[in-house]
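Engineer: Those letters in the sequence shown? Residues -31 to -1, 1 to 608, per mature numbering (1 follows the signal peptide of the UniProt record, and there is no 0), in order. Beta carbons are placed, not taken as given, at the ideal position from N, Cα and C, and that holds for glycine. These figures come from a predicted structure and were not determined experimentally. Would you mind keeping the following structure in view while I ask a few things?
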Amino acid sequence: MLGRLCGSLKFQIVALAVVAALAAAFGSVTAALAVSQDALRARLLDGERQDRQRTAALLSTKLETLRDTLQGLSQQIPAGRWGDAEALGRLLLGQTALHAQFDTLFVANPQGRILARMAGGRLTPDLPNIGDRAYFRAAMAGDQAVVSEPLQSRISREPIVVLALPVVDGNGAHLGVIGGVLKLQGNSLFSQPLTQAGGPVRDLVITRSGQVLSHSDVHRVLGHARDEPGLATAYARWQADGAPIDTDGQATFSDAHLVSQAGIPLSDWLLVRVLPDTLALAPLAAAQRTARTAALVAGALAALLAGLVAWRAVGPIGQLRDRALRMLDDRREAEAAWPTMRGELGEMSDAFQRLIRLRHEQHLEMQAVLDQADVGLALARDGHFRHVSVRFGELFGLRPEQVVGQPLHLLRGTDEPGLPFVHQGPLDTEQRLCRDDGSVFWARLRARPIGDGQAPEAPQATIWVVADVTAERTQRDRLHWDASHDGLTGLLNRSGFEAQLLKACQTRPASDCLLLADLDRFKAVNDSSGHAAGDALLRGVAQLLRSAVTPGDSVARLGGDEFALLLSGCTPQAAHARAEALRAAVAAYTLDWDGRRHTVGISIGIADLQDRTIDQALRDADAACYAAKRAGRNQVAMA
């Protein structure tokens, strides 16, 4: 139903109007969205780049403030007080402003021994030596503040960074180092303006080596940037560029995320923000949905109007279609009046009527030709019979009208239902087919496609020719059987047996054996009771041989009283045992004829087929048979 609707001209015209309206609406919206999307993405990247740059500058300002605070503290310490630990402790206790800025403050001498240390607003007796710390050595080697790499506190075991300021006297000599310790988890340096844990936006501060100093999720502190979701590709690219700490902001879309970054001045740190691109582009997505909804509404209204106008204009096409279909479905309506139309539709109506009359005439002519043929003829198209001769129906026990319109598989073979009638290409074969009453006959089937069959809307037609060849087939099979079998015993003859032997030798069996047998004292039966008795005895022995073989074996009468057996899958030892059993059965066989009782013996020679040709096998088995006769007859001998 849907296929017929979509294929109608009325539907196509209306659909064309609808599609044109929708395409115009969506095309303009799509073009506008494409331009706006590129512009919005560019503005989004630029905004993220500038925001990271401003935030990095703010963090740099906080570092400057901390450095200046330590600088101010160093100026309060007279040069002569650097050896007085008690005086330095009192000085640290008095720096209440610094207590809120640093988690720990300390003063160390040039050898790295901490002279005074304050934590949590109190002096602590824990005074470790920091002379081995890299930041201490770097501070003692210069005159500028040094920011350490992430460390683990030797006292609290927490992750920290240290801001170390060298103190130098007027002569340039180093008096020691003043340092402030910042805990990486929960410190005031990174807590603002970076985002907090729990949201999709993640702010990170990482070192040049990729170690995480600050993260929206505190559990990620001291992790590595490469493990951050959405950051792996951008981080790898930054490392490949030499890991520059560039204070100019950068932003890019990578791994389904928007990644922006900027270097923090006064440090070897990089500020990074990672957020899903779905969140970053949410305004664009909302704008696209709104625009598409508006386009859909406008397009639907335009399509509705166009469809109504087109439907009214093409109404007569439907009348013409309905009349043509009704005429084709019911031939009694062929003479019914056609709708009166003007213009092209009127001309189309006249053409339909002329075409129908011509088709009817051609059908009658074709049927007359088909019915004159002595063989069954049929024309099939699209998997169904369209024209059928009387003879074709008779072959299957049906009337022609019972076949017309039926699918091809209505006529079935005995082995494979529906085959070969579903065949698509040329065909010339013989097949056993079933009649409607269940009887079977041999048919000669020939099929020839007509037309190119390339277009799906014009399925390829096929002409079928069917002839009953049951009698010819029976005669041919009988001739073939006579050519390969012995008429007296029904066993294979010499030519038939040699064909089986050739096949066995070509396959090079591992365990096939040839037996040649010759009856003993057979001539006496012919001489005493005549050839009719001899023939009866040969038939009796043939029956014994036939009953002694298994499926896959072959047994033959080569001529006179000479027989042969081909035992398949039989080792020489097994062949000898079977030959002995056969010899005993023949020796026990008796023929009662005209009051006489006749018995014979049998001498059997055996040769296995491995590594032997036909001639070699026959020669060796024959030699073994004669050896059995020379040994006293009624014996079995191996080649």
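In terms of alpha-carbon separation, which member of Val373, Phe532, Leu134 and Ser480 lies closest to Asp489?
Structural biologist: Within the sequence shown, the letter at position 520 stands for residue 489. Nearest of Val373, Phe532, Leu134 and Ser480 to Asp489, Cα basis: Phe532.
Engineer: For Trp433, I'd like the list of residues in its chain whose CB is within less than 6 Å of its CB, leaving aside the five on either flank, ordered along the chain.
Structural biologist: Within the sequence shown, the letter at position 464 stands for residue 433. Within the same chain, Trp433 has close Cβ partners Ala347 and Ala416.
Engineer: Residues in its own chain within less than 8 Å of Pro169 by CB, not counting five upstream and five downstream?
Structural biologist: Against the sequence shown, residue 169 aligns to sequence position 200. Excluding positions up to five away in sequence, the list reads Leu244, Pro245 and Leu248.
Engineer: Taking all protein chains shown into account, do 16 or more other C-beta atoms lie within 10 angstroms of the C-beta of Gln230, making it buried, or fewer, making it exposed?
Structural biologist: Your numbering for residue 230 matches position 261 in the sequence shown. Buried, because 16 or more other Cβ atoms sit within 10 Å of the Cβ of Gln230.
Engineer: Report the rounded CA-to-CA distance for Ile129 versus Asp15, giving the unit in angstroms.
Structural biologist: As a first step, residue 129 must be located in the sequence shown, where it is residue number 160. As a first step, residue 15 must be located in the sequence shown, where it is residue number 46. Going from the Cα of Ile129 to the Cα of Asp15 covers about 33 Å.
Engineer: Could you give the DSSP three-state label for Cys403: helix, strand or coil?
Structural biologist: Taking the sequence shown and counting its residues from 1, one reaches residue 403 at position 434. Cys403: strand per DSSP, three-state reduction.
Engineer: What do you reckon, is the C-beta of Leu13 under 7 Å from a heavy atom of the ligand FMN?
Structural biologist: No copy of the ligand FMN appears in this structure; indeed no ligand is present at all.
Engineer: I need the boundaries of the beta strand (DSSP E) containing Gln219, first residue and last residue.
Structural biologist: Numbered from 1 along the sequence shown, position 250 holds the residue referred to as residue 219. First-last of the beta strand (DSSP E) with Gln219: Gln219 to Ser223.
Engineer: What is the rounded straight-line gap between the Cα of Asp397 and the Cα of Arg413?
Structural biologist: The count along the sequence shown starts at 1 and reaches residue 397 at position 428. The count along the sequence shown starts at 1 and reaches residue 413 at position 444. Looking at the two C-alpha atoms, the distance is approximately 7 Å.
Engineer: At a cut of 8 Å, does the segment 209 to 219 reach the segment 19 to 29 through at least three beta carbon pairs?
Structural biologist: Yes, they touch.
Engineer: Whole angstroms is fine: what's the gap from Leu74's alpha carbon to Val150's?
Structural biologist: As a working note, residue 74 is residue 105 in the sequence shown. As a working note, residue 150 is residue 181 in the sequence shown. Cα to Cα, the separation comes out at about 6 Å.
Engineer: Along the alpha helix (DSSP H) that carries Glu370, what are the first and last residues, could you check?
Structural biologist: Here residue 370 is taken as the residue at index 401 of the sequence shown, counted from 1. Start and end: Pro369 to Val372.
Engineer: Check this for me: beta carbons of Leu534 and Leu484, under 8 Å apart or not?
Structural biologist: Within the sequence shown, the letter at position 565 stands for residue 534. Within the sequence shown, the letter at position 515 stands for residue 484. Yes, these two residues count as a Cβ contact at 8 Å.
Engineer: Buried or exposed: where does Gly63 fall if 16 or more other Cβ atoms within 10 Å of its Cβ makes it buried?
Structural biologist: Here residue 63 is taken as the residue at index 94 of the sequence shown, counted from 1. Gly63 comes out exposed.
Engineer: Just to confirm my understanding: we take Ser43, look at its own chain, exclude 5 residues before and 5 after, and list those with CB closer than 7 Å. What are they?
Structural biologist: The residue you call residue 43 lines up with position 74 of the sequence shown. Only Leu134, Val136 and Ile147 meet the Cβ criterion.
Engineer: If contacts are defined as beta-carbon pairs under 8 Å, then Pro79 and Gly145 qualify, I think. What distance do you get, rounded to the angstrom?
Structural biologist: If you number the sequence shown from 1, residue 79 lands on position 110. If you number the sequence shown from 1, residue 145 lands on position 176. The Cβ separation is near 6 Å, so the contact holds.
Engineer: Roughly how many angstroms separate the alpha carbons of Ala201 and Val187, rounded to a whole number?
Structural biologist: Walking along the sequence shown from the start, residue 201 turns up at place 232. Walking along the sequence shown from the start, residue 187 turns up at place 218. If I take the Cα positions, the gap works out to 19 Å.
Engineer: What's the call for Ala427, buried or exposed, on a 16-neighbour Cβ count within 10 Å?
Structural biologist: Start at 1 with the first residue of the sequence shown, and residue 427 comes out as number 458. Low confidence applies to Ala427: its pLDDT is 48, below 50, so where it sits in the model is not reliable, and the reading given next is rough at best. Counting Cβ neighbours within 10 Å, Ala427 comes out exposed, since fewer than 16 surround it.
Engineer: What residue range is occupied by the uninterrupted beta strand (DSSP E) comprising Arg86?
Structural biologist: Here residue 86 refers to the residue found at position 117 of the sequence shown. Start and end: Ile83 to Ala88.
Engineer: Relative to the alpha-carbon of Tyr104, which residue among Leu132, His143 and Gly509 has its alpha-carbon at the smallest distance?
Structural biologist: For the purposes of this step, residue 104 is identified with residue 135 of the sequence shown, where counting begins at 1. Cα-wise, what sits closest to Tyr104 is Leu132.
Engineer: When the distance is taken between beta carbons, is Leu578 closer than 8 Å to Ala473?
Structural biologist: Translated into positions along the sequence shown, residue 473 becomes position 504. Translated into positions along the sequence shown, residue 578 becomes position 609. Yes, Cβ-Cβ distance for Ala473 and Leu578 is below 8 Å.
Engineer: Any chance the segment 544 to 558 sits against the segment 589 to 605, with 3 or more Cβ pairs inside 8 Å?
Structural biologist: In short, these stretches touch, since the Cβ pair count reaches three.
Engineer: In terms of alpha-carbon separation, which member of Gly58, Leu460, Phe365 and Val190 lies closest to Asp437?
Structural biologist: As a working mapping, residue 437 is identified with position 468 in the sequence shown. Ranking Gly58, Leu460, Phe365 and Val190 by Cα distance to Asp437 puts Phe365 first.
Engineer: May I ask you to report which of helix, strand or coil DSSP gives Arg602?
Structural biologist: Within the sequence shown, the letter at position 633 stands for residue 602. Note: Arg602 maps to coil in three-state DSSP.
Engineer: What runs of the alpha helix (DSSP H), each 4 residues or longer, lie entirely inside the segment 506 to 591?
Structural biologist: List check, alpha helix (DSSP H) in window: 541 to 557.
Engineer: For the segment 489 to 504 against the segment 557 to 571, do three or more pairs of beta-carbon atoms, one drawn from each stretch, fall closer than 8 Å, so that the two count as touching?
Structural biologist: Segments in contact, yes.
Engineer: Could you check the C-alpha separation between Phe466 and Cys403 for me, to the nearest Å?
Structural biologist: If you number the sequence shown from 1, residue 466 lands on position 497. If you number the sequence shown from 1, residue 403 lands on position 434. The straight-line gap from Cα to Cα measures roughly 35 Å.
Engineer: Ends of the alpha helix (DSSP H) at Trp207?
Structural biologist: Along the sequence shown, one-based indexing puts residue 207 at 238. Where Trp207 is concerned, the enclosing alpha helix (DSSP H) stretches over Ala201 to Ala209.
Engineer: Report all residues from its chain with a CB closer than 6 Å to the CB of Arg599; omit the five preceding and five following residues, and keep chain order.
Structural biologist: Position 630 of the sequence shown, counted from the start, is the residue given in the question as residue 599. Counting only Cβ-Cβ distances below 6 Å, and skipping sequence neighbours, we find nothing.
Engineer: For Leu471, is the classification buried or exposed, using 16 other Cβ atoms within 10 angstroms of its Cβ as the cut-off for buried?
Structural biologist: As a working note, residue 471 is residue 502 in the sequence shown. Leu471 should be labelled exposed.
Engineer: List the residues that DSSP assigns as beta-bridge partners of Ala347.
Structural biologist: Taking the sequence shown and counting its residues from 1, one reaches residue 347 at position 378. Paired residue(s): Val357 and Trp433.
Engineer: State the beta-bridge partners of Ile214 as determined by DSSP.
Structural biologist: Translated into the one-based positions of the sequence shown, residue 214 becomes position 245. Answer by DSSP bridge pairing: none, since Ile214 is not bridged.
Engineer: Could you tell me whether the segment 452 to 463 touches the segment 539 to 549, using the rule of 3 or more Cβ pairs below 8 Å?
Structural biologist: Touching, no.
Engineer: Enumerated in chain order, which unbroken segments of the alpha helix (DSSP H) with a length of 4 residues or greater are wholly contained in the segment 38 to 76?
Structural biologist: 54 to 62 and 65 to 70, all fully within the segment 38 to 76.
Engineer: Below 8 Å CB to CB, which residues in the same chain sit around Arg195 once its five sequence neighbours on both sides are set aside?
Structural biologist: Here the question's residue 195 lines up with position 226 in the sequence shown. Within the same chain, Arg195 has close Cβ partners Gly179, Ala201, Tyr204 and Ala205.
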